[in-house]
Ligand SMILES: Nc1ncnc2c1ncn2[C@@H]1O[C@H](COP(=O)(O)OP(=O)(O)O)[C@@H](O)[C@H]1O
Ligand SMILES: [Mg+2]
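Residue numbers (the numbering used here): 71 to 435.
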């Protein structure tokens with residue numbers, strides 16, 4: 071898919087901006103704090119319905135305004151799609167797809183598929199399991215709305231169960247109803263995650279092999295809190311969760327929270343058999359994330375039928391020349407948006423292959 075146009079009004083440090091894009095490569099270049107990432111964020115907003123860095127939607131509205139507007143015009147295999155997001159200071163955002171207002175934000179997912187790669191993504195290998203769960207949740211949600219809705223349901227039920235455990239510590243509790251509902255939603259999450267990791271691990275292994283010229287083997291392993299087999303069906307997984315609820319009931323009661331389920335899942339990345347988190351060099355960690363991101367492009371392509379767009383926020387300077395070249399030259403079929411402070415990695419590109427936008431104080435010059 072291709073983002074043909076972006077329009078923003080009163081968005082971050084932009085008053086009004088209307089950009090038409092190149093189908094292949096678009097580069098936003100400029101000093102720090104000029105508004106480069108803001109443009110990627112605006113595109114991302116039309117994909118996920120929220121920012122990848124702001125905690126509140128209102129942060130994206132220009133400081134002295136009450137409303138912000140973002141519009142993206144997309145060209146897809148199925149036809150053109152027009153996405154509009156209006157952010158309001160005093161109430162929830164309004165989102166429209168092809169002029170039709172959406173009732174739930176979940177309806178937006180899958181219209182614009184995006185793979186984002188920023189320095190923050192190193193957290194994926196460096197930090198705790200919650201970063202990797204966030205990764206799984208975000209990526210599976212954009213290819214499956216069922217996953218997105220099941221996840222929000224799961225989180226609600228989990229809160230109820232935890233509240234009951236917390237405020238009734240030590241007492242005899244009737245958790246049956248919650249157990250049943252939580253296990254049903256949880257089983258679906260595990261089912262989707264297991265299948266997702268199976269697919270992405272194959273693709274990431276291939277990518278990593280190419281990038282490292284066969285020197286390294288990358289493995290991605292699903293470390294599920296409730297162990298499941300490759301062939302387990304959803305019902306099977308549900309039974310396993312219920313069984314674990316029974317076994318760990320006393321622990322849950324003592325701790326006053328639920329210790330069993332996919333909210334405790336993790337994902338392990340290994341290079342040549344060793345955990346990248348603890349044993350990988352900085353360079354290996356970066357390359358592992360790069361392989362994972364490139365694998366996502368292929369995964370979305372195989373699930374959705376066309377490539378997502380790729381947003382590269384400030385990652386070029388973090389990669390060595392070989393990896394930079396790899397990124398730019400191997401993505402001929404993927405529309406790519408790059409932010410950078412330096413001209414270095416793009417000056418060799420054929421001018422017909424890209425647009426360059428110089429960003430300065432919320433203006434393009
Ligand atoms: N809500 C807002 N209203 C006005 N300006 C904002 C808002 N949020 C961020 N900014 C400004 O945007 C700039 C940062 O933009 P950003 O895209 O992150 O920069 P960079 O070019 O380094 O990627 C800063 O100058 C900041 O003051
Ligand atoms: Mg930036």
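All residues carry an ideal CB built from backbone N, CA and C; glycine is no exception.
query                                                                                                                                                                                              : result
Count Cβ pairs between the segment 223 to 243 and the segment 185 to 192 that sit closer than 8 Å; are there 3 or more?                                                                            : no
Does the beta-carbon of residue 212 have 16 or more other beta-carbons within 10 angstroms, so that it is buried, or is it exposed?                                                                : buried
Please report the residue range of the beta strand (DSSP E) in which residue 235 lies.                                                                                                             : That residue, residue 235, is in no beta strand (DSSP E); its alpha helix (DSSP H) goes 215 to 237.
Based on DSSP bridge pairs, tell me the residues matched to residue 78.                                                                                                                            : 87, 140
Quick one: using the 10 Å Cβ neighbour count with 16 as the cut-off for buried, is residue 378 buried or exposed?                                                                                  : buried
Just to confirm my understanding: we take residue 385, look at its own chain, exclude 5 residues before and 5 after, and list those with CB closer than 7 Å. What are they?                        : 187, 188, 189
Should the segment 332 to 350 be called in touch with the segment 288 to 297, which here means at least 3 C-beta pairs below 8 Å?                                                                  : yes
How would you write the range of the beta strand (DSSP E) that residue 322 sits in, first residue to last?                                                                                         : Not the beta strand (DSSP E): residue 322 falls in the alpha helix (DSSP H), residues 319 to 325.
What does the alpha-carbon distance come out to for the pair residue 402 and residue 390?                                                                                                          : 20 Å
Run the proximity test for residue 410: is its beta-carbon closer than 7 Å to any non-hydrogen atom belonging to ligand 2?                                                                         : no
Please go through the same chain and pick out, in chain order, the residues whose beta-carbon is closer than 7 Å to the beta-carbon of residue 107, but skip the five residues on each side of it. : 383, 409
For the alpha helix (DSSP H) containing residue 407, list its first residue and its last residue.                                                                                                  : Where residue 407 is concerned, there is no enclosing alpha helix (DSSP H), although the beta strand (DSSP E) it sits in stretches over 406 to 410.
Are three or more beta carbon pairs between the segment 317 to 330 and the segment 260 to 270 nearer than 8 Å?                                                                                     : no
Could you check if residue 191 belongs to the surroundings of ligand 2, using beta carbon to heavy atom distance under 7 Å?                                                                        : no
Measuring CB to CB, does residue 154 end up less than 8 Å from residue 141?                                                                                                                        : yes
Could you tell me whether the segment 342 to 352 touches the segment 306 to 314, using the rule of 3 or more Cβ pairs below 8 Å?                                                                   : no
What whole-angstrom Cβ distance do residue 358 and residue 311 have, given they're in contact under 8 Å?                                                                                           : Not a contact, Cβ separation roughly 30 Å.
Nearest to residue 177 by CA position, among 195, 118, 388, 296, is which residue?                                                                                                                 : 118
Comparing alpha-carbon positions, which option in 414, 404, 435 lies nearest residue 71?                                                                                                           : 404
Would residue 102 pass as a contact of residue 406 if the rule is Cβ separation under 8 Å?                                                                                                         : no
Quick check: the Cα distance between residue 376 and residue 150, rounded to an integer number of angstroms?                                                                                       : 14 Å
Going along the chain, which residues of its own chain have a beta-carbon closer than 7 Å to the beta-carbon of residue 112, five neighbours each way excluded?                                    : 76, 78, 81, 140
Any chance you could list the beta strand (DSSP E) runs of at least 3 consecutive residues sitting entirely within the segment 165 to 195, in chain order?                                         : 184 to 187
Say the cut is 7 Å; is the CB of residue 385 nearer than that to a heavy atom of ligand 1?                                                                                                         : no
Using the beta-carbon of each residue, find all residues closer than 5 Å to any heavy atom of ligand 1 and list them in chain order.                                                               : 82, 83, 102, 103, 104, 105, 106, 107, 108, 132, 133
In whole angstroms, what separates the C-alpha of residue 388 from that of residue 413?                                                                                                            : 14 Å
Look up residue 398 in the DSSP assignment and give the residues it is bridged to.                                                                                                                 : Paired residues: none, contrary to the question.
Nearest-angstrom Cα distance between residue 237 and residue 160?                                                                                                                                  : 34 Å
Give me the Cα-Cα distance between residue 148 and residue 134, rounded to the nearest whole angstrom.                                                                                             : 39 Å
What residues match up with residue 97 in a beta bridge as DSSP calls it?                                                                                                                          : 408, 426
Closer than 8 Å, CB to CB, is residue 275 near chain D or not?                                                                                                                                     : Absent from the structure: chain D. Only one protein chain is present.
Which value, in whole angstroms, describes the spacing of the CA atoms of residue 105 and residue 283?                                                                                             : 37 Å
If distances are taken between C-alpha atoms only, which option among 165, 214, 248, 415 comes closest to residue 392?                                                                             : 415
Do residue 374 and residue 152 count as a contact pair if the criterion is CB distance below 8 Å?                                                                                                  : no
Mind checking residue 365: buried by the 16 CB within 10 Å criterion, or exposed?                                                                                                                  : buried
So who's on the other strand from residue 288, going by DSSP bridges?                                                                                                                              : 341
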